[in-house]
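Visitor: Residue numbers (this note's numbering), protein chains in the order written: chain A, 1 to 238; chain B, 1001 to 1307; chain C, 2001 to 2289.
C-beta atoms are modelled at their ideal positions from N, C-alpha and C, and glycine is treated no differently.
All of these numbers come straight from a predicted model, not from anything done at the bench.
Below is a structure I'd like to ask you about.
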């Protein structure tokens, strides 16, 4: 298993604000990588930069061995890099089923099989019963699951989930985590950005910790969570 | 949704069979005009689905019409060639405009303004080039022989069948072959960020929609000149024409069947006003269109607000 | 020594520019605060022209005295527009905003055509030009320039110093924050619409002193207002100033040396060129797509 993505010395500024200051990262193929850190540490900015929705001020992004730093976001998506948005963006005026059908169509599934395919994915994320509701009517948690479902429908290679677990607990949480593990079983590489640590550490192979635009820790969940710096960062923000 | 499309097919079938009976030629004329506008509104709609709202869509109609006239006047060029010329000329405008506005992600308002500006520039231009275009009085086509080389017939009926068939063809193509294309356009129109995250090349699709839209409209321009054999800069590029297209598109709720029936309402309305009021009709026409537009938009907004 | 014709053209251009600044300001406010693209702006100006024309003809008064009525009538139309249209449409998206103002514009245009036909209406003015430092200055243009400048400054002061003005700027900058701070957004939108429309009317009244009124006049003035705003950049009052002056000078130069149609055509072409070269979004930063 090699490295699917390398982010090299990423800098991103917004006016005077240094959102990312020299972050470097390597994502192993087929791993589940968690990116955690307090609010404002730059997690979402990192996702935006890797997926191309923001341009880096300095640094390089190498995906599957190719330099994609200047590639527009849609081209990165076509290479199999799919991300979700922190505030879900469903296509509100159409049904949940239609949302997913469009995804599967784009992924190239045959017209006749599209519906069946979409149904299966909806079952997977637990939205089977809402299939014919207008997507705009879902609650926040359901919308996040819809995002996840759409990502799956697009047959990705590298998935970046931005706070997709927020608000879920108990049974919902477990089934979401199962779905994510299912992605890994299918050969997908998963990056999970989360603010809350506990849920994420149970399924992640590795963790990366950001604080104030820098990477302050990286490694296996247990070591990272016991790292003093990490604890300080989280407590400091409370 | 299925009901209205069934109604559409039914209506078109009836229209196609109607000529068996003796029908009022004025009725035929109205149907021809309405269908023509329905086709143009459908073309406009294709682009609007993806986001860009064209406020000067008459441009392509007008170019199609005038260049058909220019091509046919010498007398030795066939209608088929004229068709190619019309579409070709329209595209020489579409492609650069589309390229510049879509490539750089210029917001919809700029696109709207550019389309209005072009329609108006062309209108002024064609008025001032009196020698070739006959100025604001327009020009007439004089071809006397009926032949299939030139689509000129004495009777209205060939035009009737032609335009209805074109509409039907476009409808069927939309339903059967363009499903994926339309869905992608819908995503783009809904939310460009989402579209990009799904790997959609927004530029390519918008440009394609724009090209198809202008091709369809320029074909109607070609048709118009063959049918009425008369064109003026105001009809070709005027605001009224562009507005009629938009209103039909919106009243038709942006779907095919709706557009067809909306056109059957708006176009006869325009004709009635023109007949009843003479010169003043233009003002009332525009006023009513403005009113309809406002009402439609307000109702739409209230519905959106409720969600 | 600059030949006096060029200086003449420059001066006239600046004088006209002052009016054009006013033309753009009304549009600027409404667009900046309501975040709505006001396609009806030109038609509002047209209406302002007609108001000035008919009142002037009816009362036989000097049109300069009639100006406030243009402002007031259009202000009332602003009120009606907000209550009848914008208050509903603002909750929807750009598509609806665009169409609502188009509908409004068409309504006004149709009304004008219906009531007053397509005939060109012109006010007749005969005032001898003043001769200052070897340059002929039309007193009409001078008064227009002065009034425009005056109005612009009043507006500027209003926005800067008064409570309402500050609220308006707050909503323009960040409407979410503004409501959180307790500003009544709806009231501000209403007031802004009235002021913006009023200024459009005022610009129309001033235009009436020099140009003819006809139902479709709005098209040209609306487009000019947009060109000025685009050149100057949205929300920048200074930008509107610069844009107005540039357009004024260009128009007078071309009109003097060629003809008015060419001048207008040049303005349109300039507009399209600027859009092509400076594609940055009009309302806020756009993410790459």
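Examine the Cβ distances between the region 2039-2057 of chain C and the region 2204-2214 of chain C and report whether three or more of them are shorter than 8 Å.
Guide: Cβ pair count under 8 Å is three or more, so yes.
Visitor: Are the region 1027-1038 of chain B and the region 1196-1209 of chain B in contact at 8 Å, needing three or more beta carbon pairs?
Guide: no
Visitor: If we cut at 8 Å on Cβ distances, does residue 1198 (chain B) have a partner in chain A?
Guide: Locating residue 1198 (chain B) in the second chain gives position 198, counting from the first residue. So, interface residue.
Visitor: Would you call the region 183-203 of chain A and the region 34-54 of chain A touching, i.e. three or more CB-CB distances under 8 Å?
Guide: yes
Visitor: What residue from B:1044, B:1075, B:1116 and B:1140 has the CA that sits closest to residue 1218 (chain B)'s CA?
Guide: Indexing the second chain from 1 puts residue 1218 (chain B) at position 218. When C-alpha distances from residue 1218 (chain B) are compared across B:1044, B:1075, B:1116 and B:1140, the shortest belongs to B:1044.
Visitor: Is there a Cβ of chain C sitting closer than 8 Å to that of residue 1237 (chain B), yes or no?
Guide: For the purposes of this step, residue 1237 (chain B) is taken as residue 237 along the second chain, with counting starting at 1. No, its Cβ sits nowhere closer than 8 Å to a Cβ of chain C.
Visitor: Give the range of the alpha helix (DSSP H) segment to which residue 223 (chain A) is assigned.
Guide: In the first chain, counting from the first residue as 1, residue 223 (chain A) sits at position 223. Unbroken alpha helix (DSSP H) run through residue 223 (chain A): 221-226.
Visitor: What number of angstroms, rounded off, separates the C-alpha of residue 1084 (chain B) from the C-alpha of residue 3 (chain A)?
Guide: Numbered from 1 along the second chain, position 84 holds the residue referred to as residue 1084 (chain B). Numbered from 1 along the first chain, position 3 holds the residue referred to as residue 3 (chain A). Between residue 1084 (chain B) and residue 3 (chain A), the C-alpha separation is close to 53 Å.
Visitor: Helix, strand or coil for residue 1023 (chain B), going by three-state DSSP, please let me know.
Guide: The sequence position of residue 1023 (chain B) within the second chain is 23, counting from 1. Note: residue 1023 (chain B) maps to coil in three-state DSSP.
Visitor: With a threshold of 7 Å on Cβ separation, who are the neighbours of residue 1164 (chain B) within its own chain once the five nearest residues in sequence on each side are excluded?
Guide: By one-based count along the second chain, residue 1164 (chain B) stands at place 164. If we look at residue 1164 (chain B) and ignore the five residues flanking it on each side, its Cβ neighbours are 1012, 1015, 1016 and 1035.
Visitor: Using 8 Å as the limit for Cβ to Cβ distance, is residue 77 (chain A) near chain B?
Guide: By one-based count along the first chain, residue 77 (chain A) stands at place 77. Chain B contact via Cβ: present.
Visitor: Using 8 Å for Cβ pairs, my map puts residue 205 (chain A) next to residue 83 (chain A). What's the rounded Cβ distance?
Guide: Numbered from its first residue, the first chain carries residue 205 (chain A) at position 205. Numbered from its first residue, the first chain carries residue 83 (chain A) at position 83. The Cβ separation is near 19 Å, so there is no contact.
Visitor: Run down chain B in chain order and give the residues with a C-beta less than 9 Å from the C-beta of residue 102 (chain A).
Guide: As a first step, residue 102 (chain A) is located in the first chain; it is residue number 102 there, counting from the start. In chain order: 1180, 1183, 1184, 1186, 1187 and 1198.
Visitor: Given 8 Å as the limit, is there contact between the region 54-74 of chain A and the region 135-146 of chain A, that is, 3 or more CB pairs closer than that?
Guide: As far as the Cβ criterion goes, the region 54-74 of chain A does not touch the region 135-146 of chain A, which means the pair count is below three.
Visitor: Take every Cβ of the region 12-23 of chain A, pair it with every Cβ of the region 205-224 of chain A, and state whether three or more of those distances are shorter than 8 Å.
Guide: yes
Visitor: Would you say the beta carbon of residue 156 (chain A) is closer than 7 Å to some non-hydrogen atom of the ligand MN?
Guide: The ligand MN is not among the ligands present in this structure, which contains no ligands whatsoever.
Visitor: Might you give, ordered along the chain, the residues of its own chain that have their beta carbon closer than 8 Å to the beta carbon of residue 33 (chain A), omitting 5 neighbours on each side?
Guide: If you number the first chain from 1, residue 33 (chain A) lands on position 33. Around residue 33 (chain A): 27, 189, 190, 191, 192, 204, 205, 206, 207 and 208.
Visitor: Sorted by chain position, which residues of the same chain lie with C-beta nearer than 8 Å to residue 1069 (chain B)'s C-beta, five sequence neighbours on each side aside?
Guide: For the purposes of this step, residue 1069 (chain B) is taken as residue 69 along the second chain, with counting starting at 1. So the qualifying residues of the chain are 1139, 1141, 1225 and 1231.
Visitor: Using the Cβ count rule (16 or more neighbours within 10 Å means buried), how would you classify residue 169 (chain A)?
Guide: The residue labelled residue 169 (chain A) in the question sits at position 169 within the first chain. The residue in question, residue 169 (chain A), is exposed, as its Cβ has fewer than 16 Cβ neighbours within 10 Å.
Visitor: Rounded to a whole number of angstroms, what is the C-alpha to C-alpha distance between residue 1194 (chain B) and residue 153 (chain A)?
Guide: Here residue 1194 (chain B) corresponds to residue number 194 of the second chain, with the count starting at 1. Here residue 153 (chain A) corresponds to residue number 153 of the first chain, with the count starting at 1. Their Cα atoms are separated by approximately 14 Å.
Visitor: Quick one: is residue 74 (chain A) buried, meaning 16 or more other Cβ sit within 10 Å of its Cβ, or exposed?
Guide: Mapped onto the first chain, residue 74 (chain A) falls at position 74. Result: buried.
Visitor: Mind checking which residues open and close the beta strand (DSSP E) that includes residue 113 (chain A)?
Guide: In the first chain, counting from the first residue as 1, residue 113 (chain A) sits at position 113. Careful: residue 113 (chain A) lies outside any beta strand (DSSP E) and carries neither H nor E.
Visitor: Give the straight-line distance between the Cα atoms of residue 2254 (chain C) and residue 1177 (chain B), rounded to the nearest whole angstrom.
Guide: Mapped onto the third chain, residue 2254 (chain C) falls at position 254. Mapped onto the second chain, residue 1177 (chain B) falls at position 177. Residue 2254 (chain C) and residue 1177 (chain B): Cα-Cα distance of roughly 52 Å.
Visitor: Chain C beta carbons: is any one of them nearer than 8 Å to that of residue 1120 (chain B)?
Guide: Walking along the second chain from the start, residue 1120 (chain B) turns up at place 120. Chain C has a Cβ within less than 8 Å of the Cβ of residue 1120 (chain B).
Visitor: Excluding the 5 residues preceding and the 5 following residue 67 (chain A) in the sequence, name in chain order all residues of the same chain whose CB lies nearer than 7 Å to its CB.
Guide: Here residue 67 (chain A) corresponds to residue number 67 of the first chain, with the count starting at 1. Around residue 67 (chain A): 60.
Visitor: Which residues bound the beta strand (DSSP E) around residue 21 (chain A)?
Guide: For the purposes of this step, residue 21 (chain A) is identified with residue 21 of the first chain, where counting begins at 1. Residues 17-28.
Visitor: What separation, rounded to the nearest whole angstrom, lies between the Cα atoms of residue 2196 (chain C) and residue 2141 (chain C)?
Guide: To locate residue 2196 (chain C), count along the third chain from 1; it is residue 196. To locate residue 2141 (chain C), count along the third chain from 1; it is residue 141. Rounded to whole angstroms, residue 2196 (chain C) to residue 2141 (chain C) spans 23 Å at the Cα level.
Visitor: Identify every residue that forms a DSSP beta bridge with residue 1150 (chain B).
Guide: Taking the first residue of the second chain as position 1, residue 1150 (chain B) is located at position 150. The secondary-structure analysis by DSSP pairs residue 1150 (chain B) with nothing; it has no beta-bridge partner.
Visitor: Excluding the 5 residues flanking residue 1309 (chain B) on each side, which residues of the same chain have their C-beta closer than 8 Å to its C-beta?
Guide: Examination of residue 1309 (chain B) is not possible in this model, given that chain B is present from 1001 through 1307 alone.
Visitor: Could you check whether the Cβ of residue 1202 (chain B) sits closer than 8 Å to any Cβ belonging to chain A?
Guide: By 1-based counting over the second chain, the position of residue 1202 (chain B) is 202. Interface residue, yes.
Visitor: By alpha-carbon positions, which one of B:1192, B:1125 and B:1198 ends up nearest to residue 108 (chain A)?
Guide: Position 108 of the first chain, counted from the start, is the residue given in the question as residue 108 (chain A). Nearest C-alpha to residue 108 (chain A): B:1198.
Visitor: May I ask you to verify whether the region 2024-2034 of chain C touches the region 2178-2196 of chain C, counting CB pairs closer than 8 Å and requiring at least 3?
Guide: yes
Visitor: In chain order, what residues of the same chain lie with their CB nearer than 6 Å to the CB of residue 296 (chain A), ignoring the 5 residues before and after it?
Guide: Residue 296 (chain A) falls outside the range modelled here, since chain A spans only 1 to 238, and no answer is possible.
Visitor: Name, please, each residue of chain C whose Cβ falls closer than 7 Å to the Cβ of residue 1053 (chain B).
Guide: Translated into the one-based positions of the second chain, residue 1053 (chain B) becomes position 53. Ordered by position in chain C, the residues that pass the 7 Å Cβ test against residue 1053 (chain B) are 2095 and 2098.
Visitor: For residue 1087 (chain B), collect the residues of the same chain with a Cβ closer than 6 Å to its Cβ; drop the 5 residues on either side in sequence, then sort them by chain order.
Guide: Locating residue 1087 (chain B) in the second chain gives position 87, where the first residue counts as 1. Excluding five sequence positions before and after residue 1087 (chain B), the CB atoms of its chain that fall closer than 6 Å to its own CB belong to 1215 and 1218, given in chain order.
Visitor: Hey, does residue 1302 (chain B) have any beta-carbon neighbour from chain C nearer than 8 Å?
Guide: The sequence position of residue 1302 (chain B) within the second chain is 302, counting from 1. Yes, its Cβ sits closer than 8 Å to a Cβ of chain C.
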